[in-house]
Amino acid sequence: MKVVKVTPRGYCLGVVKSIKWAKEAAIKYAGRQIYMLGYLVHNKHVIDEIVNLGVIPVNDFKLNRLELIQTLPDNAVVILSAHGSDDRIKDVAVQKNITLVDTECEWVTVTKNLIKEYLAKPDYQIIFIGKHFHPETNAMLALSPTINLVTTEQEVVSILPNLDPTKKILITNQTTLSKIDIEAIVEKLKTLVPNEIIFKNDLCNATLERQNAVLSLDPTTIDLLLVVGDERSSNTLKLVAMGEQIGIESYRINDKSDIQPTWLANKTCVAVTAGASTPSIIQLEVIRYLEQI
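Numbers 676 to 968, taken from our numbering, label the letters of the sequence shown in order.
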């Protein structure tokens, strides 16, 4: 089996930083109760590795992260995820004497600061393009109840009644979405509203580079695309969607055990890429498995 190793793929710098800081915290604060608020990054293999260091994962889909941290004991250590967090979590941490290890991605911080800047401008209103209930989206929406969320092109119409025709519009977005989806939503908005629009595309470089690498694949020579990554990973799911959009049969897998023999029937060339939080060893196992076929 010929295997095309799509480049770049796998870990981005933000994920590397988050994992490094979490591991360092597990060592530095050994002997104290250390909690991970939500998923550090969206990959089960990474989470299992951190948990094995004694870090306690805290997840409850009925509670947001601001509510979750209030359930934790005073004087604990809490690791915040790469996706960004509600700024009010820091206030709770002070009240409860909690030590925070904030691994927020630098790209997420840039988006958050941009939104804060425009919230302070009375002549602007904000539209955020993001995935419903994604932690990065939640972190941005926590900045103000006035922010309008759009997830799909079809949802654009639903926010129109919320928009003030006398104010300008800032549009920005989650860092890990599909660039194709973002562009479609922005163009739709431009056709429906008369307002002056400023669009700040905050898709991170790592996401954009990985998407462009998939879009550059030749569907006439590649029979199959396998994207190694977690089902919770937004950037992973977008890579699968992009493979399908250019006409390549595409599947998401957690690791080599997910590969179905029927996918490989009558296939001679398989491309492999990976989400930004997928460990290199997991990718390598997939590639080696395919090369032996």
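C-beta: ideal position from N, C-alpha, C; glycine also.
Taking C-beta to C-beta, are residue i and residue j nearer than 8 Å?
i    : j    : result
A701 : L728 : yes
E969 : V726 : Within the shown structure, residues of the chain are numbered from 676 to 968, placing residue 969 beyond reach of any answer.
G950 : D877 : no
N718 : S932 : no
L715 : S756 : yes
S853 : M917 : yes
T847 : T911 : no
I773 : I709 : no
S693 : K806 : no
I804 : I855 : no
Q849 : T895 : no
Could you spell out the range, first to last residue, of the alpha helix (DSSP H) harbouring residue i?
i    : result
Y964 : S955 to E966
N813 : P810 to L816
V688 : For the sequence presented, residue 688 should be read as Leu rather than Val. Counting along the chain, the alpha helix (DSSP H) containing L688 begins and ends at L688 to K703.
V726 : K719 to V726
V716 : Element bounds for V716: n/a, residue is neither H nor E.
Using the Cα positions of residue i and residue j, report the straight-line distance between them to the nearest angstrom.
i    : j    : result
Q958 : K942 : 20 Å
C879 : G713 : 22 Å
I923 : H720 : 27 Å
N750 : T784 : 26 Å
Q920 : V733 : 36 Å
V730 : M711 : 6 Å
T882 : D766 : 31 Å
T937 : T948 : 20 Å
I822 : I857 : 17 Å
Determine the extent of the beta strand (DSSP E) in which residue i is found, giving its start and end residues.
i    : result
N750 : Where N750 is concerned, there is no enclosing beta strand (DSSP E), given that its DSSP letter is neither H nor E.
V825 : N823 to V825
V733 : I731 to V733
Less than 8 Å between the CB atoms is what I'm expecting for residue i and residue j, so what's the real figure, rounded?
i    : j    : result
V945 : M676 : 6 Å
I834 : I802 : 7 Å
S925 : L890 : Not really, about 12 Å apart at Cβ, beyond 8 Å.
- Pick out the complete alpha helix (DSSP H) segments inside the segment 859–947, 4 residues or longer, and give them in chain order. At a cut-off of 4 residues, the continuous stretches assigned as alpha helix (DSSP H) that sit fully inside the segment 859–947 are 880–890, 909–920 and 936–939.
- Item | Segments of 4+ residues assigned as alpha helix (DSSP H) that fall wholly inside the segment 745–807 | 763–770 and 781–794
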